[in-house]
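Inspection log for the structure reproduced underneath, given as structure tokens.
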Amino acid sequence: MNSPAWKSVVLSVASVVAGALVLLTMWTGVIWYFELPPILLPSPNQVLSTAMQERKSLLRGTYVTGLAATVGLVSAVVIGCVISIAFSQSRSIRKAFFPYVVFLQTVPIVAIAPLLITWSGYQFRTVVIVTVIVCLFPIVNSVTEGLLAIQTDLNDMFRLYGASRTQRLLKLQLPTAVPYLMLGTKTSSGLAVIGAIVAEFFVGNGSNYDGLGTLMTGWQGFQRTDALIAAIFASTLLGLLLFGAVNLLAITVFARWTAGKRKT
Numbered sequence: 001m002n003s004p005a006w007k008s009v010v011l012s013v014a015s016v017v018a019g020a021l022v023l024l025t026m027w028t029g030v031i032w033y034f035e036l037p038p039i040l041l042p043s044p045n046q047v048l049s050t051a052m053q054e055r056k057s058l059l060r061g062t063y064v065t066g067l068a069a070t071v072g073l074v075s076a077v078v079i080g081c082v083i084s085i086a087f088s089q090s091r092s093i094r095k096a097f098f099p100y101v102v103f104l105q106t107v108p109i110v111a112i113a114p115l116l117i118t119w120s121g122y123q124f125r126t127v128v129i130v131t132v133i134v135c136l137f138p139i140v141n142s143v144t145e146g147l148l149a150i151q152t153d154l155n156d157m158f159r160l161y162g163a164s165r166t167q168r169l170l171k172l173q174l175p176t177a178v179p180y181l182m183l184g185t186k187t188s189s190g191l192a193v194i195g196a197i198v199a200e201f202f203v204g205n206g207s208n209y210d211g212l213g214t215l216m217t218g219w220q221g222f223q224r225t226d227a228l229i230a231a232i233f234a235s236t237l238l239g240l241l242l243f244g245a246v247n248l249l250a251i252t253v254f255a256r257w258t259a260g261k262r263k264t
């Protein structure tokens, strides 16, 4: 109980709680000082009360958005790894197609989403596709860098012993790229929920889709600011949960990767 790790956890939790109390105090103070009506900025108690009243909708929306974000993130990891392997094996392929990966990152997703809906319809898969597009670049960029970051002496040794390109990929490049993959996935995990919610802003307009983005659009239309803020908090918690899960996975993978490196 007195270990440094435990003290660090307690200190982190205490810092988060203290920060939340400060924000709640500032929130209440702004409402009181500027005499803001609830339609502009409801009190924390009003938001909490509305969240309890709408808990079924919020829980359902969090589940739907979380599922879309997770599926999109996992799909982006798989697709990104395949693309990165192709880039690492051929400089010509990398030079020819890497600019298009950058293009997907630079085009505003709000401009792509309506086009994808036209092609794919007001469906769950459209939200997943948008999420994949948002998450793809950090993964491709990181994994490609990792696959190309092999030490020259190790590469020369593999060549000296007659290792094939496939053997070098499986036994040298991929193990080297694991930390880069984890870094790219952590970055994309923060973008996954954003991409899913942005897609839901458009998908929810023409279907019974009930993700958090759809709820936000509906509540904004009815000027339900308290419910809208509750949905924002739900999406924030979802993003933190997904990031925390990926971060935990990264810590586990890093630990095993480091242990494997020490053995070799």
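If you count the sequence shown from 1, position 151 lands on 151 in the UniProt record's numbering, and the numbers rise without skipping. All C-beta atoms in this analysis are idealised placements derived from N, C-alpha and C, irrespective of residue type, glycine included. A quick note: this is a predicted structure, and the numbers were derived from the prediction, not measured.
Val107: not part of any alpha helix (DSSP H); DSSP gives it neither H nor E. Restricted to the segment 157-191, the alpha helix (DSSP H) segments that are unbroken, complete and at least 4 residues in length are 165-168, listed in chain order. DSSP places Asp226 in the helix class (H, G or I) of the three-state scheme. Inter-residue distance for Ile117 and Leu212 is about 18 Å (C-alpha atoms, whole angstroms). Judged by beta-carbon spacing, Ser43 lies beyond the 9 Å limit of Val132, meaning their Cβ atoms are not closer than that value.
Between Gly218 and Tyr209, the alpha-carbon positions lie close to 12 Å from each other. By alpha-carbon distance to Ser49, the top candidate from Lys7, Ala230, Phe124, Arg165 is Ala230.
A direct Cα-Cα distance of roughly 11 Å separates Val127 from Val134. Under the 8 Å Cβ criterion, the segment 240-248 does not count as touching the segment 167-178, having fewer than three qualifying pairs. Residue range 55-89 is occupied by the alpha helix (DSSP H) that includes Tyr63. Closest by C-alpha distance to Gly244, out of Val82, Met182, Phe34, Gln105, is Met182.
Rounded to the nearest angstrom, the gap between the Cα atoms of Gly221 and Ile39 is 12 Å. In this structure Arg224 is buried. Its beta-carbon is surrounded by 16 or more other beta-carbon atoms within 10 angstroms. Bounds of the alpha helix (DSSP H) holding Ile129 are 124-148. The three-state secondary structure of Leu36, taken from DSSP, is coil. Straight-line measurement puts the Cα of Leu228 at about 6 Å from the Cα of Met216. Beyond the five residues adjoining it in sequence on each side, Ala196 comes within less than 6 Å, by CB distance, of Thr65, Ala68, Ala69, Val127, Thr131 in the same chain, given in chain order.
For Leu41, no alpha helix (DSSP H) encloses it, and the DSSP letter there is neither H nor E. Remark: three or more beta-carbon pairs, one from each stretch, lie closer than 8 Å, so the segment 81-89 and the segment 137-151 are flagged as touching. Non-local beta-carbon contacts of Thr187 in its own chain, meaning distances under 6 Å to residues more than five positions away in sequence, involve Pro138 in chain order. In the structure shown, the three-state DSSP call for Asn208 is coil. In this structure, Val10 and Ile109 do not form a Cβ contact; the two beta carbons are roughly 39 Å apart against a cut-off of 8 Å. DSSP, read as helix, strand or coil, puts Gly121 in coil.
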